[in-house]
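Notes for the one structure printed next.
In the UniProt record's numbering, the protein residues as written are 1 to 219.
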């Protein structure tokens, strides 16, 4: 029997884009929204994706346990299971080159739960990057809403992501979008806990971890 995750992974880019707008206006300008597999990215688009990621994240990762490792990160970004939702400015004429202004990279996957050998279907958001000159337009909010719609349509239980604690702007954004600390996050503390068992002591030891795992239940 084919699982929900397998079905979602097999879906074409066109199937994932169903019901989502391909052109939208922000700040009086039109932007194109396109879903692509990593294998469908052109070489120039791959280069733009990497340049935007590097511009936004190099300063954060260089001072955390997520050491700056371009070969490893590129392998993750352009893995065969990676999906992209890219936002590009639409040129006035056919000859005008489009500018990549934002993108999300996500995958459909199984994720751990707090119960042993129990997993759940999730849409895992690896990256949401918006170019500095295009922030405050609402692009990030729309990208999250689109991912929620995709996750719901393909029957995923949650959207999950990992965020660096140093990236306070991102943490505030995800909080506004309804994300919460996931129970599998290293620093999650069960509000019903008593503090008297080994598992809770393990959580205390991870309080210095420099990232959080956030999630939002899809309904």
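Backbone N, C-alpha and C fix where the C-beta goes; we use that ideal spot for every residue, glycine too.
The model shown is predicted, which means the values in this text are computed figures rather than measured ones.
Three-way DSSP call (helix, strand, coil) for residue i in this model
i	result
residue 202	In this predicted model, residue 202 has a pLDDT of only 44, less than 50, meaning its place in the structure is not dependable; the value taken from the coordinates is given anyway. In this structure, residue 202 counts as helix in the three-state DSSP scheme.
residue 146	helix
residue 35	strand
residue 216	strand
residue 10	helix
residue 168	helix
residue 209	coil
residue 120	strand
residue 30	strand
residue 139	helix
Sub-8 Å separation of residue i and residue j beta-carbons
i	j	result
residue 31	residue 166	no
residue 26	residue 139	yes
residue 137	residue 104	no
residue 163	residue 214	yes
residue 120	residue 158	yes
residue 114	residue 183	yes
residue 108	residue 5	yes
residue 83	residue 35	yes
residue 185	residue 212	yes
residue 68	residue 58	yes
Alpha helix (DSSP H) segment containing residue i, residue limits
i	result
residue 13	13 to 17
residue 57	43 to 61
residue 72	70 to 77
Supposed close pair residue i, residue j - CB separation, criterion 8 Å
i	j	result
residue 122	residue 177	Actually they are not in contact, since the Cβ atoms of residue 122 and residue 177 sit about 16 Å apart, beyond 8 Å.
residue 101	residue 87	5 Å
residue 23	residue 90	7 Å
residue 13	residue 37	6 Å
residue 210	residue 65	6 Å
residue 16	residue 150	6 Å
residue 148	residue 218	6 Å
residue 81	residue 129	In fact, because the Cβ distance is near 19 Å, the residues do not count as touching under 8 Å.
residue 33	residue 45	Not confirmed; about 14 Å, so no contact.
residue 154	residue 51	Wrong, their Cβ atoms sit about 30 Å apart, outside the cutoff.
According to DSSP, residues forming a beta bridge with residue i
i	result
residue 3	Paired residue(s): none; residue 3 is not in a bridge.
residue 127	105
residue 20	Residue 20 is not bridged to any residue.
Segment limits, beta strand (DSSP E) that includes residue i
i	result
residue 112	100 to 112
residue 164	158 to 164
residue 85	83 to 89
residue 26	23 to 26
beta-carbon residue i near the ligand GDP non-hydrogen atom, thresh 7 Å
i	result
residue 43	The model depicted lacks the ligand GDP and carries no ligand whatsoever.
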